[in-house]
Amino acid sequence: MASFKPTTTFVMPTHPQTHRASEQKLVVNRYMFPSAGYRKPKIAVLFMHAIGFTKEMWHPIMQRLLENFRDNSFDLEFVAYDMRNHGDSAIVNESVLDQHMDATDNALDALHVIDTCNLKRDAIALVGVALSYGGTSLVMAETIRPGTFNTMIPMDPILYPNFINPDFSPMADPSRKRRNHWECREAALHSFLSSRFCKNWDPEMMTIYIRDGLRRVPGTQSEVVLKCEPEQEYQTFMFDKHTFYNAYTGLAFMSTPVHFIFGQRSPVISREVGALMVSQHSSATGTIIPGAGHLIPMEKPDDVVRELLRAIQVDVIAQTRQFARAML
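Below you can see the structure in the form of structure tokens.
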């Protein structure tokens, strides 16, 4: 696929009620896709990434979604941001990061991005798409401010009932020990391609991770390190567990449609926990992607886009047209 680029990238404050809000910033990408002809109603989609990744990892999903969206009656806008200790936000915040990373703060940041971009004012519908920890914050954002989203698609979100005490050390401990320096991007690519962690990734996802998940070491010609330092990744796993419970509890009180996507081989969300999530919401759906692990968009982007299009068709387009007919 051709390179997919944002219409604009900007830096904005974090939510004013969050940790170190006066110091830490967010880097946000906006992608505008007006349909041909006159201005039409807009559907906006907010994408939220997982621990250890960046906003650009959504590019293959965005591009497939754009290419397969067949309804010319709507304009589209995509928005994605880097969590404050990830991606370009981590670079901007390098001197003011600490060990505090709260999924509720990330949910508030998401709401702040929505408000700053005027997504609720300018669009007829807002769709939330998120993976893993991003899915936790997506559900928490809707819990904090009900009615924010018209539909949500969380993929393998980290949500748990309070009678389960999940052990994140199998994921967190390796992140703390992971390699964080390569002589060049090509060496990093070779290292990742030989890793069990990445062996099932779509090739384009790997290309983007090498390009946007790494940064050049200042003062060197080609040496690179991860934008999200291993210690920051570890702390994001381990610092906050209360949001996993609070977001799960919030599902029972939501009227917004929720369409869960789970990986068949996920080592993070078991079939039993996934079933509990679906049962917690009065009308949630749950789809299991065959052959996918926890990192579903990286491994099965076409399957993900198919589910996104289905949710948008049912919860946005069909509902919009039904409302329009009722007004005649």
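For the sequence shown, UniProt numbering gives the first residue as 1, with consecutive numbering after it. Don't be surprised by glycine CBs; every beta carbon is placed ideally from N, CA and C. As the structure is a computational prediction, the values presented were derived from the model and not from experiment.
Taking Gly293 and Ser175 to be in contact with their CB atoms under 8 Å, please state how far apart those CB atoms are, rounded to whole angstroms. No, Gly293 and Ser175 are not in contact; Cβ-Cβ is about 16 Å, not under 8 Å.
Could you check if Val11 is buried or exposed, using at least 16 other CB atoms within 10 Å of its CB as the buried criterion? exposed
Starting from residue 332, trace the beta strand (DSSP E) in both directions and tell me its first and last residue. Residue 332 lies beyond the stretch modelled for the chain, which goes from 1 to 328, so this question has no answer here.
Cβ shell of Thr9 (< 6 Å), same chain only, five flanking positions each side left out: Asn29
Considering only the beta carbon of each residue, do Asn150 and Asp315 sit closer than 9 Å? yes
So, using beta-carbon positions, are residue 335 and Ser194 closer together than 9 Å? Only positions 1 to 328 of the chain appear in this structure, which leaves residue 335 out of reach.
Span of the beta strand (DSSP E) around residue 334: Summary: the structure shown does not reach residue 334, with the chain confined to residues 1 through 328, and so no result is reported for it.
Along the chain, where does the alpha helix (DSSP H) containing Tyr31 start, and where does it finish? No alpha helix (DSSP H) contains Tyr31, which is instead part of the beta strand (DSSP E) from 25-33.
Could you name each continuous alpha helix (DSSP H) segment of 4 residues or more that falls completely within the region 237-316, going from the start of the chain to the end? 242-250, 271-280, 296-299, 301-312
Taking Lys40 as part of the alpha helix (DSSP H), name the residues at either end of that continuous run. No alpha helix (DSSP H) contains Lys40, which DSSP labels as neither H nor E.
Tell me whether Pro154 is buried or exposed, calling it buried when 16 or more other Cβ atoms sit within 10 Å of its Cβ. buried
To which residues of the same chain is Arg179 closer than 7 Å at the C-beta, ignoring the five residues directly before and after it? Ser191
Would you decide whether Gly128 is buried or exposed? Buried here means 16 or more other CB atoms lie within 10 Å of its CB. buried
Within 10 Å of its beta-carbon, does Asp105 have 16 or more other beta-carbons around it, so buried, or fewer, so exposed? buried
Using the Cβ count rule (16 or more neighbours within 10 Å means buried), how would you classify Ser266? buried
Exposed or buried, Ser89, counting other C-beta atoms within 10 Å across all chains shown (16 or more means buried)? buried
Once the 5 residues before and after Phe4 are set aside, which same chain residues still bring their CB inside 7 Å of it? His59, Met62, Gln63
Could you tell me if Ile91 is buried or exposed, where buried requires 16 or more neighbouring beta carbons within 10 angstroms of its beta carbon? exposed
Met152: first and last residue of the uninterrupted beta strand (DSSP E) it sits in: 151-155
Collapsed DSSP secondary structure at Thr8 in the structure displayed: strand
What are the partner residues of Gly160, as DSSP defines its beta bridges? Looking at the sequence provided, one finds Tyr at residue 160 rather than Gly. Answer is none; Tyr160 lacks a bridge partner.
Please report the residue range of the beta strand (DSSP E) in which Val224 lies. 224-226
With a CB to CB cut of under 6 Å and the five nearest residues on each side skipped, what residues in its chain are close to Ala311? Thr151, Ile153, His259
Cut-off 7 Å between Cβ atoms - residues of its own chain near Gln17, not counting five sequence neighbours on either side: Leu108
In three-state DSSP terms, what is Phe48? Reading off the sequence, residue 48 comes out as Met, not Phe. Residue state, collapsed to three classes: strand.
Three-way DSSP call (helix, strand, coil) for Leu97 in this model: coil
If you drop the 5 nearest sequence neighbours on each side, which residues of the same chain put their C-beta closer than 8 Å to that of Leu309? Leu65, Asn68, Phe69
In chain order, what are the residue ranges of uninterrupted beta strand (DSSP E) at least 3 long that sit wholly in the region 62-88? 75-81
Return helix, strand or coil for Met1, following the three-state DSSP convention. With a pLDDT of 49 at Met1, under the threshold of 50, the predicted position of this residue should be treated as unreliable, though the coordinate-derived value follows. Note: Met1 maps to coil in three-state DSSP.
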